[in-house]
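Presented below is the structure to which this report refers.
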Amino acid sequence: MLLELARWLAHDIHGFNVFNYITLRAVLATLTALTISFVVGPWLIRKLTQYKVGQSVRDDGPQTHLIKAGTPTMGGALILVSIAASTLLWADLTNRYLWVVLITTLGFGIIGLVDDWRKVVHRNPKGLSAKEKYFWQSAIGFGVAIYLSQTATIPAETTLYIPFFKHMVFPLSALVFVVLTYLVVVGSSNAVNLTDGLDGLAIMPTVLIASAFAIFSYVTGHLFFSKYLGIPYVPGAGELTVFCAAMAGAGLGFLWFNAYPAEVFMGDVGALALGAALGIVAVIVRQEIVLFIMGGVFVVETLSVAVQVSYFRYTKNKYGEGKRIFLMAPLHHHYEQKGWKETQVVVRFWIITMMLVLIGLASLKIR
2 MLLELARWLA HDIHGFNVFN YITLRAVLAT LTALTISFVV GPWLIRKLTQ
52 YKVGQSVRDD GPQTHLIKAG TPTMGGALIL VSIAASTLLW ADLTNRYLWV
102 VLITTLGFGI IGLVDDWRKV VHRNPKGLSA KEKYFWQSAI GFGVAIYLSQ
152 TATIPAETTL YIPFFKHMVF PLSALVFVVL TYLVVVGSSN AVNLTDGLDG
202 LAIMPTVLIA SAFAIFSYVT GHLFFSKYLG IPYVPGAGEL TVFCAAMAGA
252 GLGFLWFNAY PAEVFMGDVG ALALGAALGI VAVIVRQEIV LFIMGGVFVV
302 ETLSVAVQVS YFRYTKNKYG EGKRIFLMAP LHHHYEQKGW KETQVVVRFW
352 IITMMLVLIG LASLKIR
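Quick look at the structure:
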């Protein structure tokens with residue numbers, strides 16, 4: 002919106018041409034998202050507390066988490082409002098990739114909103130059934146995957162690129178591209194959701210990865226930089242820099258209230274949406290494997306749940322009694338059970354994510 006206003010004013014006042022620079026608008030989007038979070042956050046927390054929109058805690062979870070019961074949840078709505086408002090204000094609204102990312106993010110946010118609402122109203126920690134959740138996730142995931150496949154105009158948009166190797170590229174058929182996109186978007190969404198179990202644990206890695214993808218988006222959409230670095234050039238992808246910057250700003254703003262001891266939890270409305278946002282951006286800028294690297298904490302958390310459940314079922318069917326590999330899953334609960342304090346787990350997982358993000362960024366040059 003403001004970009005269009007600036008372009009109109011630039012006809013008479015040339016200084017407004019500065020707003021055509023993506024980098025400036027990315028900075029402004031970050032600051033706008035932060036400001037919205039700081040202004041709206043306290044009001045939202047008061048309203049959630051007033052209406053008793055409190056978190057239900059798993060009975061089979063760590064006993065130390067029982068004191069968290071009643072803490073306001075659904076705070077992820079603050080993140081989505083900050084992202085959407087900042088993006089709509091500073092991004093080029095004629096960019097089709099921008100709308101794909103926004104619709105995907107908000108779509109998964111709505112799924113999470115319904116899930117959180119059921120948890121709050123019915124006081125049921127399970128919320129939406131697994132079948133319902135995966136159905137709607139799949140509907141959106143396949144929908145955006147098919148759209149990107151059908152609207153691709155150059156081979157680079159549907160080619161798999163292997164990081165750190167200049168000539169390892171694999172053109173994908175329409176079917177393979179759709180399936181891969183679906184798996185990345187839905188998988189990333191659920192991975193972030195599983196990780197969101199401690200104060201600040203999921204949001205800071207999301208901020209770090211979104212910041213890195215802001216850089217990837219910028220160079221992917223820049224003809225000269227993409228050619229120099231040997232990465233795919235996707236016209237229009239550069240505008241996602243503004244979206245990623247807004248996501249980083251909104252995440253930092255939310256962390257102000259979500260840091261230990263948390264005043265509010267993001268809930269599924271935030272976790273599902275943020276994970277899907279990272280996934281769809283990774284697909285558009287053709288860095289699905291880099292997302293796998295940078296989101297290593299999310300990946301390991303998800304694998305810990307899959308391994309724990311599979312091994313328990315296997316041993317129960319074979320021996321009549323289920324056994325566990327981890328003391329508790331997801332993995333962050335395992336370390337809590339081993340005696341780590343919640344803040345230790347969170348900060349150490351942040352440090353690991355910082356290292357993985359740097360490795361991912363290194364793929365821009367090391368080829």
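According to our numbering, the stretch in the sequence shown is residues 2 to 368, in order.
Virtual Cβ for every residue (Gly too), placed ideally from N, Cα, C.
task = Give the range of the alpha helix (DSSP H) segment to which Thr-74 is assigned.
result = Note, Thr-74: premise wrong, no alpha helix (DSSP H); not H, not E.
task = Tell me whether Leu-67 sits in a helix, a strand or coil according to DSSP, three-state version.
result = Because the pLDDT of Leu-67 is 49, which lies under 50, any placement of that residue in the model is unreliable, and the question is left without a value.
ask   = If we ignore side chains and look at the alpha-carbon of each, how far apart do Phe-143 and His-12 end up?
value = Annotation: Phe-143 to His-12 spans about 42 Å, alpha carbon to alpha carbon.
ask   = Is there contact between the region 35-55 and the region 81-95, where contact requires at least three CB pairs shorter than 8 Å?
value = Touching, per the Cβ criterion.
query = What are the start and end residues of the beta strand (DSSP E) that includes Phe-17?
reply = Looking at the DSSP string, Phe-17 is not in any beta strand (DSSP E), and its letter there is neither H nor E.
query = Taking Ile-369 as the reference, which of Leu-90, Ile-294, Ile-14 and Ala-7 has the closest Cα?
reply = Outside the shown range of the chain, which is 2 to 368, sits residue 369, and nothing can be said about it.
ask   = Taking Leu-181 as the reference, which of Lys-317, Tyr-261, Tyr-162 and Val-193 has the closest Cα?
value = The candidate whose alpha carbon is nearest that of Leu-181 is Tyr-162.
inquiry  = Going by DSSP, what residue range makes up the beta strand (DSSP E) through Tyr-183?
reply    = No beta strand (DSSP E) contains Tyr-183, which is instead part of the alpha helix (DSSP H) from 175-196.
Alpha-carbon to alpha-carbon, Asp-93 and Leu-67 = Residue confidence for Leu-67 is low, a pLDDT of 49 falling below 50, so the modelled location carries little weight; the figure read from the coordinates is stated next. Using only the alpha carbons, I get a separation of about 45 Å.
inquiry  = Helix, strand or coil, according to DSSP, for Val-347 in the structure here?
reply    = Note: Val-347 maps to helix in three-state DSSP.
ask   = Can you find a CB in chain B that lies within less than 8 Å of the CB of Ile-360?
value = Looking at the structure shown, chain B is missing, and only one protein chain is on hand.
query = Is it the case that the Cβ atoms of Asp-1 and Ala-251 are separated by a distance below 8 Å?
reply = Lying outside 2 to 368, the shown extent of the chain, residue 1 is not represented and no answer is given.
request  = Please confirm whether Met-75 and Leu-49 have their CB atoms less than 8 Å apart.
outcome  = Cβ atoms of Met-75 and Leu-49: closer than 8 Å.
key: Helix, strand or coil at Leu-161 [DSSP, three-state]   = Here DSSP, grouped into helix, strand and coil, assigns Leu-161 to strand.
query = Tell me the DSSP bridge mates of Phe-171?
reply = Leu-161, per the DSSP bridge assignment.
ask   = Is Gly-276 closer than 8 Å to Ser-189 when the C-beta atoms are compared?
value = Taking 8 Å as the Cβ cut-off, Ser-189 and Gly-276 qualify as a contacting pair.
task = State the DSSP-derived secondary structure class of Asn-318, mapped to helix, strand or coil.
result = It is helical.
task = Specify, as a first and last residue, the run of the alpha helix (DSSP H) that Asp-200 falls within.
result = Element bounds for Asp-200: n/a, residue is neither H nor E.
key: Which listed residue (Phe-258, Leu-29, Ala-215 and Ile-147) has its alpha carbon closest to that of Val-282   = The shortest C-alpha separation from Val-282 is found at Ala-215.
ask   = Going by beta carbon distance, what residues of the same chain come within less than 6 Å of Pro-206, once the five residues before and after it are set aside?
value = The beta carbon of Pro-206 lies closer than 6 Å to those of Val-298 and Thr-354 in the same chain, with the five residues before and after it left out.
query = Would you call the CB atoms of Ala-238 and Tyr-98 closer than 8 Å?
reply = It is a contact, given that the beta carbons lie within the stated cut-off.
request  = Compare the beta carbon distance of Gly-380 and Leu-35 with 8 Å and say whether it is the shorter of the two.
outcome  = A query on residue 380 cannot be resolved here, the shown segment of the chain reaching from 2 to 368 and no further.
ask   = alpha helix (DSSP H) containing Asp-269: first to last residue?
value = Note, Asp-269: alpha helix (DSSP H), 268-285.
request  = Please work out which residues of its chain come closer than 6 Å, Cβ to Cβ, to Arg-287, disregarding the five sequence neighbours upstream and downstream, and give them in chain order.
outcome  = Counting only Cβ-Cβ distances below 6 Å, and skipping sequence neighbours, we find Tyr-162 and Pro-233.
message = Just to confirm my understanding: we take Ala-27, look at its own chain, exclude 5 residues before and 5 after, and list those with CB closer than 7 Å. What are they?
response = Cβ neighbours of Ala-27 beyond the five flanking positions: Ala-215, Thr-242, Val-243 and Ala-246.
Residue closest to His-223, alpha-carbon to alpha-carbon, out of Glu-240, Pro-172 and Trp-351 = Taking each of Glu-240, Pro-172 and Trp-351 in turn and checking the Cα distance to His-223, the smallest one comes out for Glu-240.
message = Suppose you measure from the CA of Thr-344 to the CA of Met-329; what does that come to, to the nearest Å?
response = C-alpha separation (whole angstroms): 18 Å.
ask   = How far does the alpha helix (DSSP H) with Tyr-135 in it reach, from first residue to last?
value = Per DSSP, Tyr-135 belongs to the alpha helix (DSSP H) from 131-152.
inquiry  = Let me check understanding here. Comparing Cα to Cα, which of Ile-210, Phe-109 and Ala-249 lies closest to Leu-32?
reply    = Nearest option by C-alpha distance: Ala-249.
Extent of the continuous alpha helix (DSSP H) run through Pro-43 = Note, Pro-43: alpha helix (DSSP H), 23-51.
request  = Within the same chain, show all residues whose beta-carbon is closer than 8 Å to that of Tyr-148, passing over the 5 residues directly before and after it, in chain order.
outcome  = Cβ within range, chain order: Val-101.
task = Find out if the Cβ-Cβ distance for the pair Thr-196, Leu-173 is shorter than 8 Å.
result = No, Cβ-Cβ distance for Thr-196 and Leu-173 is not below 8 Å.
query = Hey, out of Ile-360, Phe-166 and Pro-331, whose CA is closest to Leu-304's CA?
reply = With distances taken between Cα atoms, Leu-304 lies closest to Pro-331.
ask   = What is the rounded straight-line gap between the Cα of Val-375 and the Cα of Ala-278?
value = The displayed coordinates of the chain run from 2 to 368. Any statement about residue 375 would go beyond what the structure contains.
inquiry  = Quick check on this structure: which residue in Asn-318, Tyr-135, Val-300 and Ala-307 has the alpha carbon closest to the alpha carbon of Phe-327?
reply    = Considering only alpha carbons, the answer is Ala-307.
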